[in-house]
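Trainee: Sharing a structure with you now.
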Amino acid sequence: MRQLIGESRQDILETWDDKRYLFLSVTSGEVEIRMGNEGVSSTKVSIVERPGLNNSTGQRLWDCAIGLACFLSLHSDALDSAVPLTTTTSSDDEKPRTKRQTTAGLEGPLRVVELGAGCALASMCAQHVLAHVEGKLSIVATDVKPTVETTLAENLAANSVSSRQPAITASVLDWGTSTCLQVCDARPPSSPSSPPPHLTLLGSDILYNPSSHSLLLDTLLAFCRPTNSSLTASARALIAYKKRTDGDGAFFGMASKAGLDVRKVWEWGEVGVWSFE
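Taking the UniProt record's numbering, the leading residue of the sequence shown gets 1, the next gets one more, and so forth.
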């Protein structure tokens, strides 16, 4: 049956009454990324979701992802970790800040890594707003293996763009493991002496499970405070957060106690964007 309906990788849900269900993927209407920066055109993406109960939360589009995409479309310079990040108030009344064209003079490349990417809306937004960074940009959307192989892959395929824009690479990343360092380093193996990247981590709705906080913190520290200082020229993480469960906000205190500079830089209703440096 899975082959018949084109869902060969989808798990079958078995319920208490011995019935079996298969949840299909659904495609949203177009989501428009409207750019505030003069001279940068808007773009539209279609989001593929899998709303079945047998799937992880990463296979849905959540409002924090939309909020983070809004923030990046208004403040695209936040994706350059070498540029100081200014705290803003509320949603700026949707008035964009002028893009600071600093990337042209950087010695190292820009690298954007999305954690728990799911539908990868933040990665696709970064791809569009940084399209002008020719030859200096790499974007990696990461998640657990089941999501990378289904929802993440489907969304990247559904929104393939012109070769003029940097491609998004999908990668499996288990938080708190040594693979963090491999994802971090944008330099090709043939040029290990090339300048290290300016790294920005993105995450949305990744704090809802307090039991995963220690692994997430280990991951942020591996990226933002690597033991090998030559891995990154600069680093920051931007996480969009909305209270979901009791205790999920404790992560900010954990990160601060671990030595990260933690602050809220933007608000959109119940969604806040937080910076970790």
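All C-beta atoms, glycine included, are put in the ideal place defined by N, C-alpha and C.
Treat the numbers as computed from the prediction; the structure is a model and nothing was measured.
For Ser138, which three-state DSSP category applies?
Mentor: Residue mapping note: residue 138 aligns to position 138 of the sequence shown, counting from 1. In the structure shown, Ser138 sits in a strand (DSSP, three-state: E or B).
Trainee: Skipping 5 residues on each side, what residues in its chain have a beta carbon closer than 6 Å to that of Glu270?
Mentor: Counting from one through the sequence shown, the residue named residue 270 turns up at place 270. Lys242, listed in sequence order.
Trainee: Look up Asp143 in the DSSP assignment and give the residues it is bridged to.
Mentor: Counting from one through the sequence shown, the residue named residue 143 turns up at place 143. Note: Asp143 sits in a beta bridge opposite Val172.
Trainee: Between which two residues does the beta strand (DSSP E) harbouring Ala235 extend?
Mentor: Residue numbering aside, residue 235 sits at position 235 when the sequence shown is read from its first letter. Ser234 to Tyr241 is the extent of the beta strand (DSSP E) around Ala235.
Trainee: Can you grab the Cα-Cα spacing for the pair Pro195 / Gly67, in whole Å?
Mentor: As a working note, residue 195 is residue 195 in the sequence shown. As a working note, residue 67 is residue 67 in the sequence shown. When rounded, the distance between both Cα atoms is 32 Å.
Trainee: Bridge partners of Arg225, per DSSP?
Mentor: Along the sequence shown, read from residue 1 onward, the residue named residue 225 stands at position 225. Looking at the DSSP assignment, Arg225 forms no beta bridge with any residue, so it has no partner.
Trainee: Can you list, in chain order, the residues of its chain whose CB lies under 8 Å from that of Leu217, leaving out five sequence neighbours each side?
Mentor: Sequence index remark: in the sequence shown, residue 217 carries index 217 (1-based). Phe251, Met254, Ala255 and Ala258, listed in sequence order.
Trainee: Take Asp261 and list the residues in its own chain whose beta-carbon comes closer than 8 Å to its own, dropping the five residues that flank it on each side.
Mentor: Taking the sequence shown and counting its residues from 1, the one referred to as residue 261 is at position 261. Answer for Asp261: Ser275, Phe276 and Glu277, listed in chain order.
Trainee: By a C-beta neighbour count over all protein chains shown, 10 Å radius and 16 as the cutoff for buried, is Asp80 buried or exposed?
Mentor: By 1-based counting over the sequence shown, the position of residue 80 is 80. Asp80 should be labelled buried.
Trainee: If you run the structure through DSSP and keep just helix, strand and coil, what is Ser275?
Mentor: Residue 275 sits at position 275 when you count from the first residue of the sequence shown. Correct three-state label for Ser275: strand.
Trainee: From the DSSP output, read off the bridge partner residues of residue 287.
Mentor: As displayed, the chain neither begins before 1 nor continues past 277, which places residue 287 out of reach and without an answer.
Trainee: Look at Cys64 and Asp205 and say whether their C-beta atoms are less than 7 Å apart.
Mentor: On the sequence shown, position 64 is the one that residue 64 refers to. On the sequence shown, position 205 is the one that residue 205 refers to. Yes. Within cutoff.
Trainee: When the Cα of Leu115 is compared with those of Lys44, Pro109 and Lys145, which residue comes out closest?
Mentor: As a position in the sequence shown, residue 115 is number 115, starting the count at 1. With distances taken between Cα atoms, Leu115 lies closest to Lys145.
Trainee: Tell me where the beta strand (DSSP E) around Ile66 begins and ends.
Mentor: Taking the first residue of the sequence shown as position 1, residue 66 is located at position 66. Segment Asp63 to Leu74 is the alpha helix (DSSP H) holding Ile66; no beta strand (DSSP E) there.
Trainee: How would you label Asp246, buried or exposed, when you count the other beta carbons within 10 angstroms and need 16 or more for buried?
Mentor: Along the sequence shown, one-based indexing puts residue 246 at 246. So Asp246 counts as exposed.
Trainee: Under a Cβ-count criterion, where at least 16 other Cβ atoms within 10 Å of its own Cβ denotes burial, should Lys264 be classed as buried or exposed?
Mentor: On the sequence shown, residue 264 is found 264 positions in, with the first residue counted as 1. The residue is exposed, with fewer than 16 neighbouring Cβ atoms inside 10 Å.
Trainee: Going by DSSP, what residues sit across from Ser204 in a beta bridge?
Mentor: Locating residue 204 in the sequence shown gives position 204, counting from the first residue. In DSSP, Ser204 forms a bridge with Ala240.
Trainee: Using the three-state DSSP reduction, which class does Glu270 fall into: helix, strand or coil?
Mentor: Against the sequence shown, residue 270 aligns to sequence position 270. Note: Glu270 maps to coil in three-state DSSP.
Trainee: Ser81 lies in the beta strand (DSSP E); which residues open and close that run?
Mentor: Counted from its first residue, the sequence shown places residue 81 at position 81. Segment: none, Ser81 is in no beta strand (DSSP E) and carries neither H nor E.
Trainee: Sorry if obvious, but does the Cβ on Thr151 come closer than 6 Å to a heavy atom of the ligand MG?
Mentor: With respect to the ligand MG, the structure offers nothing, as it holds no ligand at all.
Trainee: Are Leu202 and Ala235 touching if we call contact CB-CB under 7 Å?
Mentor: Against the sequence shown, residue 202 aligns to sequence position 202. Against the sequence shown, residue 235 aligns to sequence position 235. Going by C-beta atoms, Leu202 is not nearer than 7 Å to Ala235.
Trainee: When the Cα atoms are used, what is the spatial distance from Ser214 to Leu207?
Mentor: To locate residue 214, count along the sequence shown from 1; it is residue 214. To locate residue 207, count along the sequence shown from 1; it is residue 207. Their Cα atoms are separated by approximately 11 Å.
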